[in-house]
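Scroll down for the structure; my scribbles are underneath it.
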Amino acid sequence: MRLSAYFLPTLKDTPTEAQILSHRLMLRAGMIRQTSAGIYAWLPLGHRVLRKIEQIVRSEQDAAGAVELLMPTVQSAELWRASGRYEDYGKEMLRIRDRHDREMLYGPTAEEVITDIVKGTLKSYRDLPRTLYNIQWKFRDEIRPRFGVMRGREFLMKDAYSFDLDFAGAKRAYQKMFLAYLRTFARMGIRAIPMKADSGPIGGDMSHEFIILADTGESAVFCDRRWVEWDVLASAPAYDQDLEPFFADATGIYAATEEKHNPDTCPLPAEQLVTARGIEVGHIFYFGTKYSKPLGAVVAGPDGNPVTLEMGSYGIGVSRLVAAVIEASHDDAGIIWPESVAPFKVGLINLKSGDAACDKVCADLYDVLRTAQVEVLYDDREERPGVKFADMDLIGLPWQLVVGPRGLKAGTVELKNRATGERLELSQDSALERLTS
RNA sequence: CGGGGGGUAGCUCAGCCUGGUAGAGCAUGGCGUUUGGGACGCCAGGGCCGCAAGUUCGAAUCUUGUCCCCCCGACCA
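So for the first sequence, my numbering puts the first residue at 41; every next one is plus one.
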């Protein structure tokens with residue numbers, strides 16, 4: 041993409057409404073624009089990151105055997121009356137009336153809808169187990185939205201729902217998602233720690249929050265130092281293996297949110313305890329027959345008798361993750377994207393647009409990179425070098441390929457690693473080789 | 001929802017107390033000088049001072065109402 045033809049409204053000043061770092065950086069990097077309190081438009085750069093994160097979530101859900109579908113944002117109040125949550129959910133639910141004065145709502149979650157879909161379709165124990173998921177916009181009318189997309193009212197969420205015949209099956213489904221979550225977050229370059237959690241208004245009794253450590257996190261968390269050092273992907277089993285030992289190991293390492301942590305009964309010696317702040321990026325629940333029972337979701341069991349489905353639900357805050365990754369990865373100059381979620385892999389900087397030699401070399405590099413399927417943002421604007429460097433650092437692409445008259449005289453281009461700051465003077469070919477290998 | 005702060009140019013803000021021709025910096029357009037880490041000079045464009053009513057000869061400024069935004073608290077993927 042040529043920057044001169046892109047839409048990247050970066051800001052030099054920090055808009056006053058933004059308080060936390062990720063919000064400021066997202067606004068300054070031209071990723072989002074607020075349209076109402078807690079509601080945001082995703083500008084091209086932010087949209088690319090959102091899609092990258094969504095795709096990682098999707099591919100790991102698929103790998104774990106979950107099946108994707110897409111449910112509506114607007115739901116009928118009728119279903120929620122049946123589960124008893126229409127009243128329980130209170131003012132956090134955005135209620136709408138259609139032209140016939142029917143009561144509708146903008147879905148804050150989808151347990152009712154999915155259960156209703158499934159109940160006429162999963163008929164026999166032979167149809168189980170099943171885990172279905174969708175990635176869809178949700179709306180919760182928070183009393184006070186804040187922190188940008190970290191705590192918006194409208195947010196993109198992956199929500200999965202498991203259906204099993206019995207507790208043993210439900211537990212296995214739960215463990216699969218537990219593993220899928222650890223893998224998903226690790227693939228985004230962040231470390232999410234599963235912590236025992238309250239089940240909240242959604243209900244249930246087996247529940248973990250996945251929390252990433254960041255200085256600007258919303259709540260205090262406490263965990264065993266081992267969590268910070270553990271390479272999850274190295275020790276993780278495959279999804280079709282027995283997950284019980286891994287699950288037992290992982291849940292055996294201490295980790296607790298502020299509400300669950302008691303300094304007096306904490307089993308860890310002080311030097312082993314990490315005290316930090318955390319951001320919740322995922323939450324998994326087992327809740328048994330809470331929705332299947334009132335909504336009548338039953339299948340025929342092996343003996344022919346009806347069995348009420350055992351369910352769990354599993355959420356990941358996709359849009360929140362964009363901000364969470366930034367909270368976990370930035371410096372004074374701006375964002376530092378992990379390569380897996382970066383909007384582009386390479387920023388190609390032409391230090392002297394209009395200079396024949398610079399233009400030619402940049403055009404060549406740009407073509408080669410694109411042909412090699414490397415995502416590249418080419419800053420071909422007629423701006424001063426300082427502006428280009430500052431913008432590129434701000435938007436945080438993992439690699440900067442800098443082409444200027446000084447280097448070309450010596451036959452080199454400069455390759456800068458955004459994360460480490462390391463700069464290498466290389467020939468065009470060896471720079472390309474590093475970026476395309 | 002309780003408590004606090006705020007809406008003036010695209011962005012950051014001054015002006016309001018004490019009513020009298022609407023300002024600065026940055027950004028934008030033009031010209032010139034610059035050109036490896038957010039350049040400099042000159043010129044130009046850009047505003048229903050959130051909206052409505054009131055007080056007044058006269059309102060960005062005072063009064064009332066209303067909408068919106070931000071912060072603190074309870075609530076949360």
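Even glycine gets a Cβ: it sits at the ideal position worked out from N, Cα and C.
Asked	Found
Where Pro241 falls, given that 16 or more other Cβ within 10 Å makes a residue buried	Legend: pLDDT at Pro241 = 49, less than 50; position of this residue unreliable, value from coordinates given subsequently. The residue is exposed, with fewer than 16 neighbouring Cβ atoms inside 10 Å.
Beta-carbon proximity of Leu110 to Val153, cut-off 8 Å	no
CA-to-CA distance, Leu335 to Lys159, given in whole angstroms	8 Å
Reduced DSSP secondary structure (H/G/I, E/B, other) of Ser99	helix
Environment of Leu464 [buried if 16+ CB atoms lie within 10 Å]	exposed
Same chain only: Cβ atoms within 6 Å of Glu320, ignoring 5 sequence neighbours per side	Glu249 and Ile251
Lys507, DSSP secondary structure in three states	Outside the displayed range of the chain (41 to 477) lies residue 507, so it cannot be described from this structure.
Whether Ile366 touches Val442 by CB criterion (8 Å)	no
Residue from Gln468, Thr460, Gly461 and Gln440 with nearest C-alpha to Thr452	Gln468
The alpha helix (DSSP H) enclosing Trp120, as first and last residue numbers	Ala117 to Ser123
Span separating the alpha-carbon of Thr50 from that of Leu83	11 Å
Ala247 versus Gly188, Tyr326, Cys306 and Arg121, residue with shortest Cα-Cα distance	In the sequence as presented, Ala is not what sits at residue 247; that position holds Ser. Among Gly188, Tyr326, Cys306 and Arg121, the Cα nearest to that of Ser247 belongs to Tyr326.
7 Å CB neighbourhood of Arg73 in its chain, flanking five on each side removed	Tyr80, Ala81 and Leu83
Arg212 versus Leu283: straight-line alpha-carbon distance, rounded	8 Å
Reduced DSSP category for Lys236 - H, G, I as helix; E, B as strand; rest coil	strand
Segment contact flag, the stretch 193 to 209 with the stretch 366 to 383, C-beta cutoff 8 Å, min 3 pairs	no
Integer-rounded CB distance, given that Leu85 should sit under 8 Å from Pro383	5 Å
Other residues of its chain near Met190: CB distance less than 6 Å, five sequence neighbours each side excluded	Arg360 and Ala363
Cβ-based burial, Arg446 [other Cβ within 10 Å; buried from 16]	exposed
Euclidean distance between Cα positions of Asp181 and Glu132	4 Å
Beta-carbon proximity of Gly355 to Asp199, cut-off 8 Å	yes
Contiguous beta strand (DSSP E) assignments of at least 3 residues, all confined to the stretch 52 to 78	72 to 76
Whole-angstrom distance between Ile175 and Tyr214, CA atom to CA atom	19 Å
For Pro346, the first and last residue of its enclosing beta strand (DSSP E)	Pro346 to Thr348
Glu269 burial status per 10 Å Cβ neighbour count (16 or more: buried)	exposed
Rounded straight-line distance, which links the Cα of Val107 to that of Gln440	38 Å
Distance CB(Leu475)-CB(Leu391) smaller than 8 Å	no
Gly387, buried or exposed, once every other Cβ within 10 Å from all chains shown has been counted against 16	buried
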